[in-house]
Amino acid sequence: MFVHQRQGSLEVICGPMFSGKSEELIRRIKRAIIAKQKVQVFKPALDDRYDVSAVASHSQRKHEAIAVKDTTELLRHLDPDTQVVALDEAQFLDESLIPIIEDLANRGVRVIAGGLDQDSNGEPFGIMPILLAKADYVTKLQAICMVCGALASRTQRMVHTGGQVLVGAAEAYEARCRHCHEVPHPTGDRLLEDLTQGS
Numbered sequence: 011m012f013v014h015q016r017q018g019s020l021e022v023i024c025g026p027m028f029s030g031k032s033e034e035l036i037r038r039i040k041r042a043i044i045a046k047q048k049v050q051v052f053k054p055a056l057d058d059r060y061d062v063s064a065v066a067s068h069s070q071r072k073h074e075a076i077a078v079k080d081t082t083e084l085l086r087h088l089d090p091d092t093q094v095v096a097l098d099e100a101q102f103l104d105e106s107l108i109p110i111i112e113d114l115a116n117r118g119v120r121v122i123a124g125g126l127d128q129d130s131n132g133e134p135f136g137i138m139p140i141l142l143a144k145a146d147y148v149t150k151l152q153a154i155c156m157v158c159g160a161l162a163s164r165t166q167r168m169v170h171t172g173g174q175v176l177v178g179a180a181e182a183y184e185a186r187c188r189h190c191h192e193v194p195h196p197t198g199d200r201l202l203e204d205l206t207q208g209s
């Protein structure tokens with residue numbers, strides 16, 4: 011018996027900075043184009059580190075993209091004939107995008123979202139935890155710890171400024187493993203301290 015396989019899905023590529031997320035996203039975009047699929051690529055307008063109108067990796071690989079401020083702007087640019095929608099730096103996009111992604115995948119569109127799963131404090135970042143929970147496929151990449159050379163799953167902020175969002179590259183961040191990653195006031199340390207004092 012022949013079973014028709016529907017194509018719609020959500021793929022999430024995550025990991026720390028310098029782990030190759032944008033590079034992997036660009037690789038998948040190029041393969042979809044080779045397969046003669048109609049592809050649209052979006053990125054947050056906030057991220058203009060390497061190029062205003064392209065997804066760009068730290069190694070300078072690029073692919074043209076539409077920079078959007080929010081979900082409303084993304085919807086204005088979305089072509090109904092698009093077969094593959096790629097989103098770079100998804101952690102910067104707003105929560106109203108989640109039902110749109112779900113609807114696209116349910117209607118047969120392949121959605122590929124790349125982004126940081128953790129902020130520089132090691133906490134879940136933006137809409138990424140929800141996307142990871144809803145994903146059909148997850149690829150978690152690792153970088154190399156700049157302190158000890160082990161596999162790195164965290165991003166260390168090297169400049170001290172307030173706020174969760176600070177768009178930057180090697181001048182502001184390093185990849186770190188769990189053991190070399192430093193947070194000013196780790197939640198776990200506070201919790202252990204509270205439990206110790208309470209006992």
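The opening position of the sequence shown corresponds to residue 11 in this note's numbering, with each subsequent residue numbered one higher. All C-beta atoms in this analysis are idealised placements derived from N, C-alpha and C, irrespective of residue type, glycine included.
Report, in whole angstroms, the separation of the C-beta atoms of residue i and residue j, which I expect to be a contact under 8 Å.
i     : j     : result
Val51 : His73 : 6 Å
Asp98 : Ser32 : 6 Å
Using the rule of at least 16 other Cβ atoms within 10 Å of the residue's Cβ for burial, across every protein chain shown, is residue i buried or exposed?
i      : result
Ile43  : exposed
Gln17  : exposed
Ala143 : exposed
Arg186 : buried
Met168 : exposed
Ala66  : buried
Thr165 : buried
Asp113 : exposed
Ala77  : buried
Leu141 : buried
Gly118 : exposed
When the Cα atoms are used, what is the spatial distance from residue i to residue j?
i      : j      : result
Tyr147 : Gln93  : 17 Å
Asp89  : Val95  : 10 Å
Asn131 : Glu192 : 8 Å
Arg6   : Pro26  : With the chain covering only 11 through 209, there is no way to say anything about residue 6.
Glu133 : Cys190 : 16 Å
Lys48  : Gly159 : 40 Å
Gln101 : Pro54  : 9 Å
Asp129 : Ile39  : 25 Å
Glu83  : Asp57  : 15 Å
Met138 : Leu85  : 19 Å
Lys46  : Gly124 : 22 Å
Ala182 : Cys155 : 15 Å
Ignore the nearest five residues each way along the sequence and tell me which others in residue i's own chain have a CB closer than 6 Å to its CB.
i      : result
Glu21  : Ile122 and Tyr147
Leu126 : Gln101 and Phe135
Thr149 : Ile23
Glu34  : Ile23
Gly178 : Annotation note: pLDDT 49 at Gly178 (below 50); position unreliable, coordinate value reported separately. Closer than 6 Å at Cβ, skipping near neighbours: no residue.
Quick one: does residue i have its CB under 8 Å from some CB of chain B?
i      : result
Glu184 : No chain B is part of this structure, which consists of one protein chain only.
If I measure Cβ to Cβ from residue i and keep anything under 8 Å in the same chain, skipping five residues before and after, which residues do I get?
i     : result
Ser19 : Ala115, Arg120, Val121, Asp146 and Tyr147
Ser29 : Leu151, Gln152, Ala153, Ala162 and Ala185
Thr81 : Leu103, Asp104, Ser106, Leu107 and Ile110
Tell me which residues share the same chain as residue i and place their Cβ nearer than 7 Å to its Cβ, disregarding the 5 neighbours each side in the sequence.
i      : result
Ala64  : Lys72, His73, Glu74 and Ala75
Lys79  : Ala55
Val157 : Arg186 and Cys190
Ile36  : Val65, Ser67, Arg71 and His73
Arg41  : none
> Counting only runs that start and end within the stretch 99-166, where is the alpha helix (DSSP H) found for 4 or more residues in a row?
Replying inline: 107-116 and 138-144
>> At 4 residues or longer, what runs of the alpha helix (DSSP H) sit wholly inside the stretch 65-90?
In response: 81-87
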